[in-house]
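Novice:
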Amino acid sequence: MNRIYKTKEEIIKRAEEILGFTLRNVINNDTVSGEIEDNLKKQGSNRKGYYGELVEEMVFNQKPNTRNEADFPLAGIELKTTPLKKDKTKKFSSKERLVFSKINYGNIVEEEWASSSFLKKNNFVLILFYLYEKEIDLLDYIIKYKHELDFINGISAQDVLQIQKDWEFIVNKIKRGEAHLLSEGDTYYLGACTKAKDSSVTTSQPNSEIPAKPRAFSFKQKYLNYIVQTKVLNNKDEEVKPISSQNKTIDEIVVGKLNRYIGKTDKEIVVKLKLKDFSINLKQYRRMLVNRMLGAKTSRIEEFEKSNVELRVVALEPTGILRESISFPKFEYKDIVKEDWETSEFRSLLEERRFLFIIFQKIKDSEDIIFKNFKFWNFPMNDIGKVKDVWEETKKLIKAGNIVKEIKKDKNGKEKKLTYFPGKKFNGIAHVRPHARNGADTTELPVRDRKTGLNKHTKSCFWLNSEYIRNFFEN
DNA sequence: GCATGATCATGC
DNA sequence: GCATGATCATGC
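For the first sequence, the working numbering gives the first residue as 1202, with consecutive numbering after it.
Quick look at the structure:
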């Protein structure tokens, strides 16, 4: 007879029993039901979410429900399965975000955080981490660790406060009728990630006629990884330190640290911070100065790493213009031609990343710079269509092997390749430019370039135009 | 002055 | 050795 697990203790004990095993171990291979076999075939072995259903059925002997309550309502336990991956140094880290319940746009606008359906359902989450490996059957993933995520006692008050603010930010956006503009980069630890089988699926929202993508609450991958490292694996990284232990949100912490320096020159800041032996010749002088302004003890800041916030130090010209555009990681020509925009790397990156711009301004005829301001920023989804145009054009050119327009020599006899890639004037928002160590630093092309005849080209990346970014620095 | 290609410098 | 933040150099 299949055992039923009812109490919290029974369920956690059962989870412990299966650690180190695969689902195929847990059930005994020949009893894989015809129904499950059929499902695995039909859905391919990779349908996301199916693994969780299998665990519920095979390990806990219960049929998954879609009711808006915890998976084990009597015990008050929500069960989640999520993959771990091995990085280059063979360390485990979270492979994906941890997805919670779907956001019901219609109902959530009536909710308050303390009595929210989110907290109710996810009050106590039992997480099973399995080891993801490419090209192996779902039934053969090893279930490695379990973690009991207790929202009330298991997360620091500081993090809970940030999660609450994130939740409120998302709900307020829906209240304003902007569910279609939600973006993971809006928030810090708790994000609103898209949730649909197909990216073209949309749903209605209460205060606007514009259809929105269905979304779910989730812990960002980085935040989940923080939990994995510190609470599951106990791998405390001494290089990563928080800049505040106070019960404040990340916004408040940064405002509290940086406001006092606005309008001061770098030299004045050095004096104010009583930094000795701190010279303009230091490596990464500006970046180091900003670290000290933030009160960071090491160069890696816990609050930013947990929330996928990226610090960028920029310097406006004395006239106020921003000369340099913002670069992103280089892309692989081979990969981009296989991608679709909606699920592409660049689109995900743009949506998920949050920036903290630290804005200095150069002074005419002086070496000094002034700390003008700082700005949290993430890409506004209103403009995402324009980036899509740049991306599609780029993909088209690579696919056609139509990249190099002309090879020129400069006065030093150095070759310079002019390309057809969308430049800064393409649409004012994004463009493509080289991003390499030098001209010889190339990467493979899927199709030989017509002009050069080569199957490789200088590494390139997408850039956000300097003027576009500059617009967001006002006020 | 600006667009665009190219590359430096650091850190992992 | 490579990724990537940051910036330089050239030529129209």
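We treat Cβ as the ideally placed atom computed from N, Cα and C, and that holds for glycine.
Computed from a predicted structure; not experimentally measured.
Let me know the alpha helix (DSSP H) ranges lying completely inside the stretch 1537-1623, each 4 residues or longer, listed in chain order.
Specialist: Correct list: 1546-1553, 1585-1601.
Novice: If I1371 sits next to K1347, beta carbons under 8 Å apart, how far is it from one beta carbon to the other, in whole angstroms?
Specialist: Contact flag wrong, Cβ pair sits at about 28 Å.
Novice: Answer with buried or exposed for R1649, where buried requires no fewer than 16 other C-beta atoms within 10 angstroms of its C-beta.
Specialist: Exposed.
Novice: Return the CA-CA distance between I1451 and Y1462, expressed in angstroms with no decimal places.
Specialist: Cα to Cα, I1451 sits roughly 18 Å from Y1462.
Novice: With distances taken Cα to Cα, identify the nearest neighbour of V1510 among G1496, E1533, F1580, F1561.
Specialist: For the residues G1496, E1533, F1580, F1561, the minimum Cα distance to V1510 belongs to F1580.
Novice: Hey, would you say I1344 sits closer than 8 Å to I1278, going by beta carbons?
Specialist: The answer is no: Cβ separation not under 8 Å.
Novice: Are the CB atoms of L1550 and L1512 nearer to each other than 8 Å?
Specialist: In this structure, L1512 does not lie closer than 8 Å to L1550 by Cβ.
Novice: Inspect the CB distances between the stretch 1419-1429 and the stretch 1288-1300 and report whether three or more fall short of 8 Å.
Specialist: Yes, the stretch 1419-1429 is in contact with the stretch 1288-1300.
Novice: Quick check: what's the CA-CA separation for Q1447 versus Q1359?
Specialist: Taking the straight line from one Cα to the other gives about 7 Å.
Novice: Could you check whether G1629 and N1583 sit closer than 8 Å to each other, using their CB atoms as the reference points?
Specialist: Cβ distance not < 8 Å, so N1583 and G1629 don't count as in contact.
Novice: To which residues of the same chain is V1588 closer than 7 Å at the C-beta, ignoring the five residues directly before and after it?
Specialist: Same-chain partners within the cutoff: L1551, I1630, A1631.
Novice: What first and last residue would you give for the alpha helix (DSSP H) that runs through S1508?
Specialist: 1503-1508 is the span of the alpha helix (DSSP H), which, as asked, contains S1508.
Novice: Are the Cβ atoms of C1394 and S1419 separated by less than 8 Å?
Specialist: Yes, Cβ-Cβ distance for C1394 and S1419 is below 8 Å.
Novice: Measure the C-alpha to C-alpha separation of M1259 and R1204 and round it to an integer number of angstroms.
Specialist: Going by the C-alpha atoms only, they are around 11 Å apart.
Novice: Tell me where the beta strand (DSSP E) around F1301 begins and ends.
Specialist: Where F1301 is concerned, the enclosing beta strand (DSSP E) stretches over 1299-1303.
Novice: Quick check for students: name the residue ranges of the alpha helix (DSSP H) that lie wholly in the stretch 1435-1515, counting only runs of 4 or more.
Specialist: Fully enclosed alpha helix (DSSP H) runs of 4 or longer: 1451-1459, 1467-1473, 1486-1494, 1503-1508.
Novice: So what does DSSP say about Q1406, is it helix, strand or coil?
Specialist: Strand at Q1406.
Novice: Short check: CB of T1544 to CB of S1400, under 8 Å?
Specialist: The answer is yes: Cβ separation under 8 Å.
Novice: From D1387 to L1517, what distance separates their C-alpha atoms?
Specialist: Distance between the alpha carbons of D1387 and L1517 is about 25 Å.
Novice: What's the call for A1315, buried or exposed, on a 16-neighbour Cβ count within 10 Å?
Specialist: A1315 comes out exposed.
Novice: So I1560 packs on V1515, CB below 8 Å; how close in whole Å?
Specialist: So it is a contact: roughly 6 Å between Cβ atoms.
Novice: From I1481 to F1222, what distance separates their C-alpha atoms?
Specialist: Cα-Cα distance, rounded: 56 Å.
Novice: Among K1535, I1527, L1425, which residue has its Cα nearest to the Cα of S1508?
Specialist: If we check each option's Cα against that of S1508, L1425 comes out closest.
Novice: If I follow the unbroken beta strand (DSSP E) through R1634, where does it start and stop?
Specialist: Counting along the chain, the beta strand (DSSP E) containing R1634 begins and ends at 1631-1635.
Novice: Restricting to runs no shorter than 4 residues, where is the alpha helix (DSSP H) found entirely within the stretch 1311-1387?
Specialist: For the stretch 1311-1387, whole alpha helix (DSSP H) runs of length 4 or above, ordered along the chain, are 1318-1323, 1358-1376.
Novice: Determine the direct distance from the alpha carbon of W1592 to that of G1624, and round the result to whole angstroms.
Specialist: Going by the C-alpha atoms only, they are around 12 Å apart.
Novice: Any idea if A1641 is buried or exposed, counting beta-carbon neighbours within 10 angstroms, 16 or more meaning buried?
Specialist: Exposed, because fewer than 16 other Cβ atoms sit within 10 Å of the Cβ of A1641.
Novice: Can you give me the start and stop residues for the alpha helix (DSSP H) that L1255 sits inside?
Specialist: Per DSSP, L1255 belongs to the alpha helix (DSSP H) from 1251-1259.
Novice: How do the stretch 1521-1528 and the stretch 1655-1674 stand: do at least 3 beta-carbon pairs fall below 8 Å, yes or no?
Specialist: Result yes; three or more Cβ-Cβ pairs closer than 8 Å.
Novice: Return the chain-ordered list of same chain residues with a C-beta closer than 8 Å to the C-beta of R1548, the five sequence neighbours on each side being excluded.
Specialist: Around R1548: W1542, I1585, V1588, K1589, W1592.
Novice: Ignore the nearest five residues each way along the sequence and tell me which others in G1378's own chain have a CB closer than 8 Å to its CB.
Specialist: Excluding residues within five positions, the ones whose Cβ falls inside 8 Å are Q1406, P1407, N1408, S1409, I1411.
Novice: Less than 8 Å between the beta carbons of I1444 and I1502, yes or no?
Specialist: Yes. Within cutoff.
Novice: Could you check the C-alpha separation between E1336 and Y1252 for me, to the nearest Å?
Specialist: In a straight line, the C-alpha of E1336 is about 14 Å away from that of Y1252.
Novice: Output needed for S1246: all residues of its chain with C-beta closer than 6 Å, excluding positions within five of it in sequence on either side, in chain order.
Specialist: Note that S1246 has pLDDT 49, beneath the 50 cutoff, so the model's placement of it is unreliable and the number below is only indicative. Result list for S1246: D1338, L1339, in chain order.
Novice: Taking 7 Å as the cut-off, does the CB of I1630 come closer than this to any heavy atom belonging to the ligand FMN?
Specialist: As for the ligand FMN, it is missing from this structure, which has no ligand bound.
Novice: Roughly how many angstroms separate the alpha carbons of K1396 and G1250, rounded to a whole number?
Specialist: Going from the Cα of K1396 to the Cα of G1250 covers about 11 Å.
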